[in-house]
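Chemist: First the structure, which I've put down as structure tokens, then a few questions once you've had a look.
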Amino acid sequence: MDRRTIWINFILRKPDPMTFKAFILALALSFGVPWLLIIVVPYGKMRNLEAVHFEMDSDGRDEVYVPRRSGRITTGSAVYGANGCYVCHTQLIRASYAGSELGRPDWAGFRIKDENGVTINTARETTPYDYVGESFAHVGIMRVGPDLSNVAGRIRGYLEDPLTKADTPENWLYLHLYNSSLKTRTFNNVTGCPSQAHLFEERVVRGQGSPEAVPGISKEGVEILPTGDARALVSYLLSLRKDDAVPYSINYSREKKKAE
Amino acid sequence: MGSDSDSQTKLHDDMELRARIDRSLRHPVMFFFASGAAWLAVALILGFISSYQSHDTRFLSGVGFLNYGRVYPAHLNVLIYGWGCQAAFGLIVWLMARLSRKECTCPGVILTAGHIWNFGVLAGMLGILWGYGSGKPWMEFPSAIWPLFLVSYFFITVWSFIQFRCSEPGKTYVAQWYLLAALFWFPWVYLTAHLFVFVFNGHPVMAAGVNAWFKYALIFLFFTPVALGTSYYLAPKVTGRPVYSYPLALFGFWALAIIGPWAGMQKLAGGPLPQFMPYVGAAATVLILIPALAVGVNILMTLRGHESQVVASPSLRFTIAGIASFLILGLVGMGLNTPAALKMTQFSLTGYGFEILAIYGFFSMCAFGGIYFIVPRVTRREWLSRRFIGWHFWLTIYGIATVVVCSIMGGLFHGAAQEAYNSAWQDAAKISYAYTVGTTVAWGFILFGSLFFLLHLLLMWARLGRRSQHPTLLQGEHHGESPHGPEDDLDKLHTAEA
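Read top to bottom, the protein sequences are chains E and S.
One gets our numbering by counting positions in the first sequence from 1 and adding 183 to each.
One gets our numbering by counting positions in the second sequence from 1 and adding 707 to each.
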């Protein structure tokens, strides 16, 4: 037999216990290596992320960075998932080598005036600390709607528009979720944000009406009350503002500067 | 004379054995195919609704549980677990029994486990629609379902493994490598992903990374090997000639095994996790073209010179379409995952096009090929209507091509507009409108086509198929020789080759 036939015979033969073992071993190896390298080891490493510090020579102060976030994050995040908001909305500001959203106005951060009246741009990319409090980062599938990483900041901006029917960010969001064409600041058309009316309850107005009812929805004798889910969701959405100052070592924004 | 009658009896024993295997598996296999096809219809209806809503959010918006954000995940999960996995189980169970030449000794257990699986899909789908979805792509079924799936998976497939181990030593077929590998990969992938996402308490970004990896692992390490195993069985079997090249088959197999497990994390490119992970994921997806080419060339060369059979045999037609989709999947995967393209495709409609191409264009077409071959054997009846098969084929082909082209093209324009950060966001949102309308129409076609398939399959299960020696062909009259090839060909050829 020439070498080729031996080789082919070797392949074709039903593996006796030995070569069957070799087959399984090779499978285990070819799968196990990537499994360890891109799943198990990074998972273990990221589980115990070290705290990052502001440092004197680059940040001008010396302290631990504590990501700040408040609101009903765990419940809200679950409601966000259960209603499939992640299908159309992302929550990821990519580094500039991978995407351009750092340049899009009001997505990655805002132009604000600091205490000296100087305009600064708070735009920065997402850090691992931005999802604090959640068990799963809702990175998202598609961007049918805008990225929500900094939506809480944008809504505060919308409220400054005199035509806006809502007085508080919460009410703006309730209007938006109930029926996104009710609020004024929107490009709403048929392809807008789908109504989440199932997160609200309709009730006949008794007496003065409930203080909890969402103002701005006019319906004869009926008031619209957000359910617990809607409250948690809105509280979660209002915790989405990821443009706080982070230590120089994890800040990759375009305009980052060392402290003088 | 003596040896002649010897081989006669051998042939007879052979036929008997095959008939016994088929009989032992009739109910489990038909159960998986029929309930799979029924779930497919459900998945397509949900796909139609969600696609319609993506260009008109008011569609059914009064019905809370039919909200886009719930229908879309329900659509994909039912497609994957209701149809995809069950079709795969039917194929694995039958092919492994035939290739190991062992009867199934416990169809009852398989059937029970299959019922549990179906219950899981039903509960999962209702869970998503009623607002208990987990919110993790492709794992949206409420988290109580996955352990159930794993247990029922074990009782469905363990017998195939045992059959393989107990079969007489001699030859293994290429198809068996793929099916064994799928049996081996699925539980590992599925368990890993669910443990890391649902059970361990890790970093949220890493959980999302594991989730992204899971999608691709399920495609490349479960649906792909099952589809390829089926094709590597059908192509030689129906044409009656051996696989074109065994070294090439071997190369294609190990290329998939080595490249496949790395893919997936490119969904998080630019995100806050170790940078090499998304890059490796993108690179692996680009490289999938290598096994795709190896398999594509091998199968097409096996079928070369048998064009008339390819045209006439429903099984081969679907198989060819599936293999062609695999090649396209490899090319598209390469095109969409280069760094420049990834920026635009990461969060646009393209991802959906890629997934549908993999699960429907590639896997499901190969699975249909297998089903059109297997069902007449286990029911001992021939398909009733060549017209039904023809309609199923053409409606599906045109529909899938439209969905994939619309999602991928629309997604590229959508993505390019998103990247143009100086123009208003609205511009990007408007661009995809026409493409989503196209997708909706196409889902309608596919749904229509697969209703023919479902109806046909149910009639066959009820044993209302034609009683005939001649298989149902798509073209020409019935010849003396079956285009499915004589039953024992494959074995003879292998023995000759080895």
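Beta carbons: idealized from backbone N, C-alpha and C, even for Gly.
Cβ closer than 8 Å: which chain E residues qualify as neighbours of Ala915(S)?
Modeler: Phe319, Ala320, His321 and Val322
Chemist: Please list the residues of the region 378 to 399 of chain E that have a C-beta atom closer than 9 Å to any C-beta atom in chain S, keeping them in chain order.
Modeler: Ser378, Gln379, Ala380, His381 and Leu382
Chemist: Which residues in the same chain have their Cβ closer than 6 Å to the Cβ of Phe1070(S), if we skip the five residues on either side of it in sequence?
Modeler: By the criterion of a C-beta distance shorter than 6 Å, Phe1070(S) is surrounded in its chain by Phe930 and Ala934, once the five residues flanking it on both sides are discounted.
Chemist: Can you give, in chain order, each stretch of the alpha helix (DSSP H) that sits fully within the region 891 to 966 of chain S and has at least 4 residues?
Modeler: If only complete runs of 4 or more residues are kept, the region 891 to 966 of chain S shows the alpha helix (DSSP H) at 911 to 925, 931 to 946 and 953 to 966, in order along the chain.
Chemist: For Lys878(S), which three-state DSSP category applies?
Modeler: strand
Chemist: Checking contacts by CB at 8 Å: is Ala415(E) closer than that to chain S?
Modeler: no
Chemist: Answer with buried or exposed for Arg872(S), where buried requires no fewer than 16 other C-beta atoms within 10 angstroms of its C-beta.
Modeler: exposed
Chemist: For the ligand HEM, is there any heavy atom lying closer than 7 Å to the beta carbon of Trp837(S)?
Modeler: Within the structure as shown, the ligand HEM is missing, as the structure has no ligands at all.
Chemist: Could one say the Cβ of Thr764(S) lies closer than 8 Å to chain E's Cβ atoms, at least one of them?
Modeler: yes
Chemist: Taking any Cβ of chain S, which residues in the region 210 to 236 of chain E have a Cβ under 7 Å from it, in chain order?
Modeler: Leu210, Ser213, Phe214, Pro217, Trp218, Ile221, Ile222, Pro225, Tyr226, Met229, Arg230 and Leu232
Chemist: Mapping the DSSP letters down to three states, classify Phe1070(S) as helix, strand or coil.
Modeler: Three-state result, Phe1070(S): helix.
Chemist: For a contact defined as C-beta to C-beta under 7 Å, what are the partners of Ala265(E) on chain S?
Modeler: Gly838, Tyr839, Gly840 and Gly842
Chemist: Could you tell me which residues DSSP pairs with Leu408(E) in its beta bridges?
Modeler: For Leu408(E), which the question treats as bridged, DSSP gives the partners Glu384(E).
Chemist: Out of Leu1158(S), Val1085(S), Leu1000(S) and Tyr1059(S), point me to the one whose CA is closest to His782(S)'s CA.
Modeler: Tyr1059(S)
Chemist: Just list the residues that DSSP pairs Val247(E) with in beta bridges.
Modeler: His236(E)
Chemist: From Glu1188(S) to Leu1181(S), what distance separates their C-alpha atoms?
Modeler: Its pLDDT being 44, under 50, Glu1188(S) is placed unreliably in this model, and the value from its coordinates should be taken loosely. Glu1188(S) and Leu1181(S): Cα-Cα distance of roughly 15 Å.
Chemist: Quick one: does Thr1026(S) have its CB under 8 Å from some CB of chain E?
Modeler: False, the Cβ-Cβ gap to chain E never drops below 8 Å.
Chemist: Express the C-alpha separation of Ser1020(S) and Tyr923(S) in angstroms, rounding to a whole number.
Modeler: Approximately 32 Å between the Cα atoms of the pair.
Chemist: Check whether the Cβ atoms of Ala1048(S) and Lys974(S) lie closer than 8 Å to each other.
Modeler: no
Chemist: Within 8 Å, do at least three Cβ pairs link the region 1077 to 1088 of chain S to the region 1128 to 1135 of chain S?
Modeler: no
Chemist: How many Å lie between Thr310(E) and Ala278(E) at the Cα?
Modeler: In this structure, the straight-line span from the alpha carbon of Thr310(E) to that of Ala278(E) is close to 10 Å.
Chemist: Tell whether a beta-carbon distance below 8 Å holds between Ile1153(S) and Val1111(S).
Modeler: Against a cut-off of 8 Å, the Cβ pair of Val1111(S) and Ile1153(S) comes out as no contact.
Chemist: Exposed or buried, which one is Met913(S) when buried takes at least 16 other CB atoms within 10 Å?
Modeler: Its Cβ being crowded by 16 or more others within 10 Å, Met913(S) is buried.
Chemist: Let me know the secondary structure DSSP gives Lys1209(S) once reduced to three states.
Modeler: The requested residue 1209(S) is not part of the displayed model; chain S covers only 708 to 1205.
Chemist: Can you tell me whether DSSP reads Arg730(S) as helix, strand or coil?
Modeler: helix
Chemist: Flag this pair as yes or no: are the beta carbons of Leu346(E) and Leu423(E) separated by less than 8 Å?
Modeler: For Leu346(E) and Leu423(E), no; Cβs fall outside 8 Å.
Chemist: Quick one: give me the first and last residue of the beta strand (DSSP E) that Gly295(E) is part of.
Modeler: Sequence check: residue 295(E) is Ile here, not Gly. From DSSP, the beta strand (DSSP E) with Ile295(E) extends over Arg294 to Lys296.
Chemist: Could you tell me the distance, in whole angstroms, from the CA atom of Gly769(S) to the CA atom of Val270(E)?
Modeler: 19 Å
Chemist: CB Leu802(S) to CB Thr937(S), shorter than 8 Å?
Modeler: yes
Chemist: Does the beta-carbon distance from His1121(S) to Phe1159(S) come in below 8 Å?
Modeler: no
Chemist: In terms of alpha-carbon separation, which member of Gln793(S), Val749(S), Leu751(S) and Leu773(S) lies closest to Gln760(S)?
Modeler: Out of Gln793(S), Val749(S), Leu751(S) and Leu773(S), Leu773(S) has the C-alpha closest to the C-alpha of Gln760(S).
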